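The structure appears below as structure tokens.
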Ligand code: SF4
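In our numbering, the protein residues as written are 6 to 103.
Below is the structure:
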């Protein structure tokens, strides 16, 4: 499927109100990307602390992992293409880490 320039398999609705724990694998990835410090505090360039704290309470029902995933984890996922109007455009490829 594609919409304009975007090649995606799933369009996933971003929901809020549930703070899903970020997996250890994603935390490692966030640290490697310099988006999380050693204390586990998120630091994502261009995003204010207020935006980050809002994002942390958002989640998606991931069609690949078949579970709820914190939006931060989705944001750094290799399948993440873009977020437009509350929808995540997802490549939908199989993921090695759960
Ligand atoms: S981008 Fe990753 S975490 Fe987000 S919905 Fe797609 S597979 Fe799931």
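Where is the CB? At the ideal position from N, CA and C, for every residue including glycine.
Keep in mind that this is a model prediction, so the values were computed, not measured.
Asked	Found
Cα-Cα separation, residue 12 to residue 20	22 Å
Sequence-distant residues of its chain with Cβ nearer than 7 Å to residue 57 (five each side left out)	47 and 49
DSSP beta-bridge partners of residue 21	63
Reference residue 51, options 45, 61 and 40, closest by Cα	40
Classification of residue 66 by the beta-carbon crowding that lies within 10 angstroms, buried from 16 upward	exposed
Presumed contact (8 Å Cβ cut-off) between residue 23 and residue 64, rounded CB distance	5 Å
Whether residue 15 touches residue 95 by CB criterion (8 Å)	yes
Nonlocal neighbours in the same chain, by C-beta distance under 8 Å from residue 34, ignoring five residues either side	81
Residue 82 - DSSP class collapsed to helix/strand/coil	coil
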